[in-house]
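Each remark here refers to the structure printed beneath this line.
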Amino acid sequence: MKRAQQKEIIELIQSEPTGASVSISGWVKAFRSNRFIALNDGSTIKNIQCVVDFENFEEELLRKVSVGAAIQVEGSLVESQGQGQNVEIQVSKIEVLGEANPEEIKLTILSPKRHTLEKLREEAHLRVRTNTFGAVMRLRSKLAFAVHEYFQKNGFYYMHAPLITGSDAEGAGEMFRVTTLDAKNPPLNEEGDVDFQQDFFGKETNLTVSGQLEAETYAMGLGKVYTFGPTFRAENSNTSRHLAEFWMIEPEMAFYDLDDNMDLAEDFIKYVIRFALDHCQDDLEFLEGRLIQEEKGKPQAERSEMTLREKLHFVADNEFKRISYTEAIDILRNSKPNKKKKFKFPIDQWGADLQSEHERFLVEKHFKCPVILFDYPAEIKSFYMRLNDDEKTVRAMDVLFPGIGEIVGGSQREERYDVLKQKMKTMDIPEEELYWYLDLRKYGTCVHSGFGLGFERLVLFVTGMGNIRDVIPYPRTPGNAEF
Ligand code: 4AD
Ligand code: MG
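Take any residue in the sequence shown, count from 1 to its spot, add 171: that is its number in our numbering.
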């Protein structure tokens, strides 16, 4: 007899019911009436129905075919009698690869009933087997591919920035220290401070908060580069938008000014969103339905006007609104919530740092589309941003998204040696640590720009999930590094 071909469900559900002999492995999602096994192998959100004539199988074997078990089935691919599927497998052979005790499964999130997202987080090692997390993580993978595809197609080189660094790229002091010194009994220097000269690297080191500064050095040789890797921030913000470990995409381009930078950010975001719409239809359809279900519990006024895919199309097909920080402040100052003191941080003067409530007002209420804000006050932004001629503002830009707030932060970089040196001095950025960064301004300096996009915030937007902890496999947040 011809050997059955091992297949994946994503392939099978698209094939014709030829009666061909196939073999498939997966996890049991449901087993109804001792006859219908819904099997899923993770290749797609869809299950394949496996039809068993129980008369032909040992009871003992069928008892082991329970929710959560890993099995392999062989059979012929036939036209499905059930609805919503083309084909099903008429099973001739079942092998149980890994049992799952029903009494124990009942106590986990694998039990077939609704579990809260909080509960799923507690069992993050199992949650990828749920429909929601399968969909989110497949999308995450596709989006990562789209990111690389976009940059590779557009002449960028992928640069691996170091994860352990001796500098603070954002100058915000939110770093995790990397050390091999004995925490209980560190060596001390003559002044009585911890002697980092005796540490592994012979100096103080930390996990990177951004690969930007190193990416700039590579843009000065390769022209256009991008990083895509993990970054770490020890900021104590326990919000649904912040992680202590997140993945950031940071393109950096020689000879790009801020307008070129904004054009690139907009084009890039639209590309990856379109990619998801084109390549992840089943998962998006599922997540859209999930969202509709979730919103039924909300008052009408709080429900979104668009479905998930309508929202994605809207962003991909419409121009982002670009306004300066100064214009944004005017809008905010005269806005209803500001006048009625509804903002937690009222806007009374130019120079105020924008909070997420302000960003979301601009995007969700005022413009009702993604917004790019540019030319921020120098004082609320990082040291490396190019000073404008007004000497008050810098060539910074943030891309703000509905439901998310800031998704991208970027700028044109200060390329003038003297101006940068002075800026570092006033902002207390240690020159001896960043001599190499200053060197770039001495040897063939040029106008250049770049930005950082928080990958999880993008995945949040595309999947319609509400909490950033649910779009990364193992979230790291203050007080939590389980798994
Ligand atoms: O605005 P940020 O801090 O900018 C930078 O790090 C620059 N060095 C980027 C550059 O110009 N190359 O961070 C960039 C983006 C934010 O817009 C946000 O999307 C994301 O990174 N981000 C976070 N995402 C999750 N958790 C956090 N704690 C984040 N902090 C920033
Ligand atoms: Mg920012």
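Each residue gets a CB set at the ideal place from its N, CA and C atoms; glycine is no exception.
**Item:** Cβ-based neighbour list, L393, same chain, cut-off 6 Å, excluding 5 preceding and 5 following
**Value:** Same-chain partners within the cutoff: Y328.
**Message:** Check for me: the beta strand (DSSP E) holding L624 runs from which residue to which?
**Reply:** For L624, the uninterrupted beta strand (DSSP E) segment begins and ends at H619 to G625.
**Request:** Kindly provide the ranges of any beta strand (DSSP E) runs that are 3 or more residues long and lie completely inside the region 409–461, ordered along the chain.
**Result:** The DSSP assignment places 416–425 as complete runs of the beta strand (DSSP E) inside the region 409–461, in order along the chain (cut-off: 3 residues).
**Asked** Which of the three DSSP states, helix, strand or coil, is assigned to Y329?
**Response** When DSSP states are grouped into helix, strand and coil, Y329 belongs to the strand group.
**Message:** Applying the 10 Å Cβ sphere with the 16-neighbour rule, what's the burial state of A567?
**Reply:** When all chains shown are included, A567 counts as buried.
**Prompt:** When burial is assigned at 16 or more other CB atoms within 10 Å of the CB, is V364 buried or exposed?
**Reply:** Before going further, note that residue 364 is Asp rather than Val in the sequence given. Exposed, since its Cβ has fewer than 16 Cβ neighbours within 10 Å.
**Item:** C-alpha gap between H537 and E274, whole angstroms
**Value:** Cα to Cα, H537 sits roughly 53 Å from E274.
**Residue of R203, S204, Q220 and G190 minimising C-alpha distance to G197** = For G197, the nearest C-alpha among the options comes from Q220.
**Prompt:** Is the beta carbon of E604 less than 7 Å from the beta carbon of S338?
**Reply:** Taking 7 Å as the Cβ cut-off, E604 and S338 qualify as a contacting pair.
**Straight-line gap, Q383 to R493 (C-alpha atoms, nearest Å)** = Going by the C-alpha atoms only, they are around 24 Å apart.
**Request:** Between the Cα of T376 and those of F403, K395, E530 and R298, spot the shortest distance and give me the residue it belongs to.
**Result:** In terms of Cα proximity to T376, the closest of F403, K395, E530 and R298 is F403.
**Message:** Tell me which residues pass a beta-carbon proximity test against the ligand MG: closer than 7 Å to any heavy atom, given in chain order.
**Reply:** By the rule of a C-beta closer than 7 Å to any heavy atom of the ligand MG, the residues picked out are D569, E577 and G580.
**Message:** Relative to the C-alpha of F367, which candidate in L378, V380 and T351 has its C-alpha closest?
**Reply:** It is T351.
**Message:** Helix, strand or coil, according to DSSP, for F666 in the structure here?
**Reply:** Because the chain here runs from 172 to 654, residue 666 falls outside it and cannot be looked at.
**Request:** With distances taken Cα to Cα, identify the nearest neighbour of T478 among I551, A191, R285 and G635.
**Result:** Considering only alpha carbons, the answer is G635.
**Asked** How about G337: is its Cβ closer than 6 Å to a heavy atom in the ligand 4AD?
**Response** It does not: the Cβ of G337 is nowhere closer than 6 Å to a heavy atom of the ligand 4AD.
**Prompt:** Exposed or buried, what is G625 when buried is set at 16 or more other beta-carbons lying within 10 Å of its beta-carbon?
**Reply:** G625 should be labelled buried.
**Message:** Can you find the residues in the same chain that come closer than 6 Å, C-beta to C-beta, to K374, ignoring five residues on each side of it along the sequence?
**Reply:** G337 and F367, listed in sequence order.
**Of the listed residues K592, N638, H619 and V618, nearest to D610 (C-alpha basis)** = Nearest option by C-alpha distance: K592.
**Message:** Looking only at its chain, what residues have a beta carbon closer than 8 Å to the beta carbon of I335, apart from the 5 residues adjacent to it on each side?
**Reply:** Listed in chain order, the non-local C-beta contacts of I335 below 8 Å within the same chain comprise V349, F372, T376, N377, L378 and T379, local neighbours out to five positions each way being set aside.
**Prompt:** Where does Q464 sit, in a helix, a strand or coil, going by DSSP?
**Reply:** Helix, per DSSP.
**Asked** Hey, F622 and G574 are a contact pair by Cβ (cut 8 Å); roughly how many whole angstroms apart?
**Response** With 8 Å as the limit, F622 and G574 do not qualify as a contact, their Cβ atoms being about 20 Å apart.
**Message:** Counting C-beta neighbours from all protein chains within 10 Å, is the total for K552 16 or more, i.e. buried, or is it exposed?
**Reply:** Classification for K552: buried.
**Prompt:** Near L131, what residues of its chain come up, given a Cβ to Cβ distance below 7 Å and the 5 sequence neighbours on each side ignored?
**Reply:** Because residue 131 is not part of the residues shown, which for the chain are 172 to 654, the question remains open.
**Request:** Within the same chain, show all residues whose beta-carbon is closer than 8 Å to that of D431, passing over the 5 residues directly before and after it, in chain order.
**Result:** If we look at D431 and ignore the five residues flanking it on each side, its Cβ neighbours are M424 and S620.
**Request:** Using the DSSP secondary-structure output, state which residues sit across from V349 in a beta bridge.
**Result:** According to DSSP, V349 shares a beta bridge with T376.
**Prompt:** Using the C-alpha atoms, what's the distance from E387 back to T398?
**Reply:** Straight-line Cα distance between these residues: approximately 11 Å.
**Asked** Can you name the residues that DSSP bridges to A209?
**Response** Bridge partners of A209: A201 and Q220.
**Prompt:** Pairing CB atoms from the region 463–482 with CB atoms from the region 514–522, are three or more of them under 8 Å?
**Reply:** Here the region 463–482 makes no contact with the region 514–522; the two share fewer than three CB pairs at distances below 8 Å.
**Request:** Under the assumption that I276 contacts G253 (Cβ atoms under 8 Å), give the Cβ distance between them as a whole number of angstroms.
**Result:** Contact between I276 and G253 is ruled out by a C-beta separation of about 25 Å, above the 8 Å threshold.
**Message:** For M556, list the residues DSSP reports as bridge partners.
**Reply:** In DSSP, M556 forms a bridge with R584.
**Proximity of E586 and V618 at Cβ, strictly below 7 Å** = Contact: yes.
**Request:** Would you give the residue range spanned by the beta strand (DSSP E) that Y397 belongs to?
**Result:** K395 to F403 is the span of the beta strand (DSSP E), which, as asked, contains Y397.
**Message:** For Y608, report the span of its alpha helix (DSSP H) as first-last.
**Reply:** Its alpha helix (DSSP H) spans residues Y606 to D610.
**Item:** Distance between Q176 and A191 (C-alpha atoms, nearest Å)
**Value:** For A191 and Q176, the distance between alpha carbons rounds to 9 Å.
**Message:** Let me make sure I understand the geometry here. Which of N505, S408 and R531 has the alpha-carbon closest to that of R647?
**Reply:** It is S408.
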